[in-house]
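Working notes, structure below.
Numbering (our numbering), first residue to last: 606 to 936.
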């Protein structure tokens, strides 16, 4: 069954994980460190300052695959990992498109892993998530010719992993209004339903054929640019925040996926040290309790980066548990 990403599960995972220091790794987040070690080919971190018009490809394909930000994508949005991401508004049809077309290794019937850390707006009407809005997409808009790593159909709480007119959908829903780590691994050479595993928050989820589609009996993906939040035939957008988009030309192992998920939950060094005095103590507790009584949920969600330690848009017992787990001198 699908891991639903509840506040309690997130808090428990964070509390059980050793807090890492970004200073020791040259400023990269723990998630970015483990991703870099696994050698992605396409990787948008969305860490550029607001006002930038392109996002850097940190993968091995290089600068030719930098992404162009279209229709005012908002950068500088805080994320669960302590860095920043990109905010997308479906009504504005905002998206990202690579400068170059995909390499030949990702055409035909390819093997790959696609990965994202994403926040889907809980208030985003599912009916407006028209036609499988993609986390990552490439290929032509004809049967079996394009890849969709996306939301399912008109929903904002189910995942689709497949191709134009044929693929797999999640059986259970994922909680909206929280960041989630989602991974699709695919062994190439098979049919529309073959060789695919989807993980949500580190756990493989149950999938089923998407029976609302006519089917794609032959998979033969063509070369187009990569797109985030839009397909080649347009009209496919959702509202939310994308922290990371990563693509590998191989299948990540279950162990690697777990490692990535755990790293994605590690916040910046000593995040509960709100007053910056090098320790988590009574003053920091008072700050959190003051925020708790000050209003919930916060209107500027997602991305309340101070006292909302698990970034779920609520100041609640989960945040208190995280603060208490860090009590004392910062590492």
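Ideal placement from N, C-alpha and C gives every residue a C-beta, glycine not left out. As the structure is a prediction and not an experimental result, all values here were calculated from the model.
Member of the options whose CA lies at the smallest distance from the CA of residue i
i           : options            : result
residue 701 : 709, 692, 708      : 692
residue 788 : 704, 736, 894, 855 : 855
residue 939 : 870, 690, 754, 723 : Nothing about residue 939 can be read from this structure; the chain reaches only from 606 to 936.
residue 641 : 655, 654, 664      : 664
residue 796 : 839, 784, 918, 825 : 825
residue 858 : 666, 646, 808, 919 : 808
residue 680 : 690, 673, 643      : 690
residue 667 : 645, 636, 739      : 645
residue 736 : 838, 709, 798      : 838
residue 697 : 709, 678, 708, 710 : 678
residue 817 : 806, 758, 860      : 758
residue 709 : 922, 783, 829      : 829
Alpha-carbon to alpha-carbon, residue j and residue i
i           : j           : result
residue 928 : residue 706 : 46 Å
residue 936 : residue 683 : 23 Å
residue 794 : residue 768 : 14 Å
residue 865 : residue 713 : 28 Å
residue 745 : residue 934 : 55 Å
residue 812 : residue 889 : 43 Å
residue 655 : residue 686 : 18 Å
residue 639 : residue 827 : 30 Å
residue 647 : residue 670 : 7 Å
residue 715 : residue 763 : 24 Å
residue 750 : residue 804 : 24 Å
residue 917 : residue 704 : 34 Å
residue 661 : residue 880 : 33 Å
residue 806 : residue 819 : 30 Å
residue 939 : residue 922 : The question about residue 939 has no answer here: the residues shown for the chain are numbered 606 through 936.
residue 633 : residue 784 : 19 Å
residue 765 : residue 637 : 25 Å
residue 756 : residue 790 : 16 Å
residue 860 : residue 711 : 24 Å
Residue i and residue j closer than 7 Å at C-beta
i           : j           : result
residue 676 : residue 699 : yes
residue 761 : residue 778 : no
residue 688 : residue 652 : yes
residue 845 : residue 728 : no
residue 771 : residue 836 : no
residue 748 : residue 853 : no
residue 869 : residue 786 : yes
residue 847 : residue 723 : yes
residue 815 : residue 774 : yes
residue 931 : residue 862 : no
residue 920 : residue 891 : no
residue 843 : residue 738 : yes
Residues that residue i bridges to, as DSSP identifies them
i           : result
residue 648 : 851
residue 724 : 784, 846
residue 812 : 775
residue 679 : 692
residue 743 : 752
residue 920 : Looking at the DSSP assignment, residue 920 forms no beta bridge with any residue, so it has no partner.
residue 717 : 791
residue 703 : 672
residue 764 : 756
residue 659 : 673
residue 804 : 788, 809
residue 832 : 702, 742
residue 934 : 884
Proximal residues to residue i (C-beta, below 6 Å), its chain only, five neighbours per side dropped
i           : result
residue 850 : 649, 721, 741, 833
residue 776 : 811, 813
residue 673 : 659, 702
Check: residue i C-beta below 6 Å from any heavy atom of the ligand COA
i           : result
residue 867 : The ligand COA is not among the ligands present in this structure, which contains no ligands whatsoever.
Close-in-space but distant-in-sequence residues of the same chain around residue i (CB under 7 Å, 5 per side omitted)
i           : result
residue 898 : none
residue 924 : 893, 912, 913, 914, 915
residue 877 : 885, 889, 914, 927, 928, 931
residue 752 : 742, 743, 744, 768, 826
Residues of its chain near residue i, where Cβ-Cβ distance is below 8 Å and the 5 sequence neighbours each way are ignored
i           : result
residue 799 : 792
residue 657 : 674, 680
residue 882 : 888
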